[in-house]
Each structure stands twice: as C-alpha cells, then as structure tokens.
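*Asks:*
Protein chains in written order, with the numbering used here: chain A, -16 to 94; chain B, 2 to 114.
1) Starting from residue 106 of chain B, find everything on chain A with Cβ-Cβ shorter than 7 Å and list it in chain order.
2) Taking only the alpha-carbon atoms, compute the straight-line gap between residue 93 of chain A and residue 43 of chain B and give it to the nearest angstrom.
3) I'd like to know whether the C-beta atoms of residue 23 of chain B and residue 75 of chain B end up nearer to each other than 7 Å.
4) Do you know how far the Cα of residue 26 of chain A is from the Cα of residue 80 of chain B?
5) Name, in chain order, the residues that DSSP records as bridge partners for residue 57 of chain B.
6) Apart from the five residues just before and just after residue 118 of chain B, which ones in its own chain have a Cβ nearer than 8 Å to its Cβ?
7) According to the neighbour-count rule (16 or more other Cβ atoms, all chains shown, within 10 Å of its Cβ), is residue 88 of chain A buried or exposed?
8) Does any residue of chain B bring its CB to less than 7 Å from the CB of residue 11 of chain A?
9) Give me the chain B residues within the contact set of residue 77 of chain A, using Cβ-Cβ distance strictly less than 7 Å, ordered along the chain.
10) When you compare only the Cα positions, how much space is there between residue 89 of chain B and residue 37 of chain B?
11) Just to confirm my understanding: we take residue 38 of chain A, look at its own chain, exclude 5 residues before and 5 after, and list those with CB closer than 8 Å. What are they?
12) What number of angstroms, rounded off, separates the C-alpha of residue 33 of chain B from the C-alpha of residue 45 of chain A?
13) Taking 7 Å as the limit between beta carbons, can you name the residues of its chain near residue 20 of chain A, skipping five residues before and five after?
14) Taking the beta strand (DSSP E) that residue 78 of chain A belongs to, which residues open and close that run?
15) Select from A/55, A/60, A/53 the residue whose C-alpha is nearest the C-alpha of residue 43 of chain A.
16) Please state whether DSSP places residue 11 of chain B in a helix, a strand or coil.
17) For residue 28 of chain A, count neighbouring C-beta atoms within 10 Å of its own C-beta (all shown protein chains included) and say buried if the count is 16 or more, exposed if not.
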C-alpha cells in the first residue's frame, strides 16, 4: 500500500475553474502538509495541519483552502484557478517532526 | 525566517566516484536536517537525516555531515551509480515546536557512465 497517496496525478483545467486534489496517508501520522514545486524545482510549504492547528503560509492566496475530514486526509481545494497556479503539488505527512513522507505529486496545468 | 541554500545547482560525476552535495542554512536554532532525493516524476524520497546533537551520520553509501559553527550541511555519496542521478534537496526544521520543513533549492546530480 502506498503510504501517502494523492489523486489525481495529472490535472489539466481551464482558468477560472475550481478544482480539488485529494491526499490520504495510512501511516498513522498526525500532521499533514501541502507543498508546491515550481518549474525550477523549488519546494515551498503551503499548509501544515494537525488536529490542533492549521498553519498557513502567508504567501498562499486565499483561493487555496485545505480541508481535512479526518487525520488521514488533507485535501486541497483551489478556486478560480490562474495560469500561475500551474505547478506540481505534493502532499506529505509526519508524526510530529518525525518520518516525513511525501506523495508522488499532482501536476496541475492551467490553460 | 529560515533560508536554505545550495552551493551548486548542478553536479556531474563519473560513475564510481564520490559525490558531495552541499547546503547552507541560516537559522542557528535549526535542529533537524534531512536530505531528500527526487527522481523525475516522483516525490521527494527520504535519504538520511541528522539532528543537531550530532555532526556525522552514515547510511548505506551515504554520509551526512553537519557543521553547526558555519551552518553547513553536506551529503556524501560513495561510489556514485547511475541510479543516483536525481535532484537532491536538503531540508531543515527550525525547532521551537515547528513541524514545517524548509527546503533548499536542489542540486541536480548527473552520473556519467
């Protein structure tokens, strides 16, 4: 079983649409994250979330919203998609600050 | 805030040689450091980690060295193989209850057969 799985792997959509990316972890971790990787391979934290606290990177537009139905899931919803949102989005999880594990990524292309 | 940098964006090595990838960090309170390997089309994969109470840690063919005095981290890969070709990232956690990893910009390692 994949430890951190995210779907879809590829997502092509038009500007202005709303889309969601799903993430699930089966590691029993208590903290989950979303990272954005740009065309230059730079990985930047967007959100971290556990059952206590949501921490939002201030540079993330409020069109992006994480939604966590339970400890094993952290979905990313994006409203009014823009061309600049095109990137690879990675979900990750950890047990406090141990055992960081990443998903295989979702390549989002906005056209 | 934390900033993490890499000295070389690309590195080409001959198969069988040793590789050294460097990383500098800015926050002296950083207490946990991880090296990741990212192959094309995949997510970052854990290689090795080290905590600030250590200055060296060894794994299978990999060694991480931590110099807290100059805030420098390095990853050494022994007998580099074609399968080691990937982008390598250092990532740090800045302590004080933070769980967020801050990544460096990445070094692309190319192994020449």
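Glycine included, every Cβ here is placed at the ideal spot set by N, Cα and C.
*Replies:* Taking the structure as given:
1) Under the 7 Å cutoff, chain A gives 25.
2) Between the alpha carbons of residue 93 of chain A and residue 43 of chain B lies a gap of roughly 20 Å.
3) Contact: yes.
4) 28 Å
5) B/66
6) The structure shown does not extend to residue 118 of chain B, since chain B is modelled only from 2 through 114, so no value can be given for it.
7) buried
8) No - not a single Cβ of chain B is within 7 Å of the one on residue 11 of chain A.
9) 100
10) 6 Å
11) Closer than 8 Å at Cβ, skipping near neighbours: 30, 31, 32.
12) 30 Å
13) 26, 70, 71, 73
14) 70 to 78
15) Checking every option, the nearest Cα to that of residue 43 of chain A belongs to A/60.
16) strand
17) buried
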